[in-house]
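What follows is one structure encoded as structure tokens, with my remarks underneath.
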Amino acid sequence: MAKHDFLNQLKSRLKRSLLPKQPSNNRGFTLLELLIVVGIAGGIIAGLMYIVVELLGTDQREASRSETQREMQMAMDYISTELREAVYVYTGESLQCAGLPTGCQPLSTYLPDSVGTNSIPIIAFWKQEPFPNDVPAGSDRARCFTANPPAGISCLAGSSYALVVYSLSKANSGIWSNNARITRYALTEFNSEGMLNQGYVNPGSFDNFAIWPFGKATAGSPTTNLQSAALASGRQVGRPGTTRSVTPAVLVDFVDGGVGGVRQAPSCPVPGITDPNVVDSYSLSPPGTLLNSTPGFAGVRGFFACVSRRTTTVNGVTTEVDTGLNQDVILYVRGNANGRPGVIGDVFLPSLETRVLSRGVRSKLPSSN
């Protein structure tokens, strides 16, 4: 019996050792399967990351576009607010040919060099400006409070006319974008230190808005450049900024300063004619001839204006009427987000337009009706 059991055990062991083993159902993934899974997962993750990055980039670009457009609108609002106070707005022809009709020069010729250096005036106007509140001892402003105030200064009124010039500038000190900028310059009677500004000629005293800075120093005298004349006020003769450095303030950056992209040719509206001899029209400012003659600005219309004017014809001679009417100004500005975060290359924005009617008038007579 014992011998029989021993033989059965030996037979069973030989059978297990000689017969092939059954494959195990618990084995893991092969290396190839793992590589395939990793590749698929990596592709999915990469695709999701690409979508996320594109969404973030799109959001950043749209934010840059919106910010640029918002700044353009703020600049337009600021300029419009000042224009409403204007008593005299220069037309495009006046910017190109200021002073006397014969031998005239651009208006920038009578302003600091910085106003016309790599820059072109777009809109210029006169408005009332209060005298500075600070009255430093020994200053020209302080003389208004003495027994001998400076001659030719409206000390009692406490204000005088200021010439405000908005320009399109490409001058870059390194802190601005590669686009253009809108700058603001104001020629006031007194500077911040209470001293009379060099080259200031008060058009209210000489009634020479249209031909400024030319006029008659005294009644009956010839018409000359009053910046070079010794006026009763005692201010320094010469062009503004000759002895004191003047830099226009930057109002807004990222203004379109190129000629690329699809742009509509600038044009001004043509009002109807109510009197055959009196014609209301608009002047493009700056005119194309001045724009094209200024280096770096040929064809650039990122910022321009249309200024209303009235002309009258008598005996075949046409002259411009510059008194007794409120001037209408249409402003156009276009931004370019190139250089903003997430923006590569030119991104032209829709042009903004606003219309302003100046509230100030000169020599306006009451209606007889």
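If you count the sequence shown from 1, position 164 lands on 163 in numbering that gives the first Met the number 0, and the numbers rise without skipping.
Where is the CB? At the ideal position from N, CA and C, for every residue including glycine.
Leaving aside the five residues that flank S159 on each side, the residues in its chain whose CB is nearer than 6 Å to its CB run, in chain order, S153, E188, N201.
Shown here, P120 sits in a strand according to DSSP, grouped into three states. With a threshold of 16 other beta carbon atoms within 10 Å, Y109 meets it and is buried. Separation of I39 and T57 (C-alpha to C-alpha, rounded to the nearest whole angstrom) is 27 Å. In this structure the region 87-99 does not lie against the region 143-152, because fewer than three pairs of beta carbons, one per stretch, are closer than 8 Å. Out of C143, T90, K126, A45, the CA that lies nearest to the CA of V134 is found in C143. Under DSSP, T223 takes part in a beta bridge, and its partners are G214. For T67, there is no enclosing beta strand (DSSP E); the enclosing alpha helix (DSSP H) has its first and last residue at 30-82.
When only Cα atoms are considered, A304 and D206 end up about 25 Å apart. T246 and A45 have their alpha carbons spaced roughly 52 Å apart. Check the Cα spacing between Q326 and each of L195, R358, L283: the tightest is with R358. Contact annotation, V163 with A216: C-beta distance approximately 25 Å; criterion of less than 8 Å not satisfied. Short of 6 Å from the beta carbon of S244, and not among the five residues preceding or following it, lies no beta carbon of its own chain.
Here T242 is exposed, its C-beta having fewer than 16 other C-beta atoms within 10 Å. Look at F253 here: in three-state DSSP terms it is strand.
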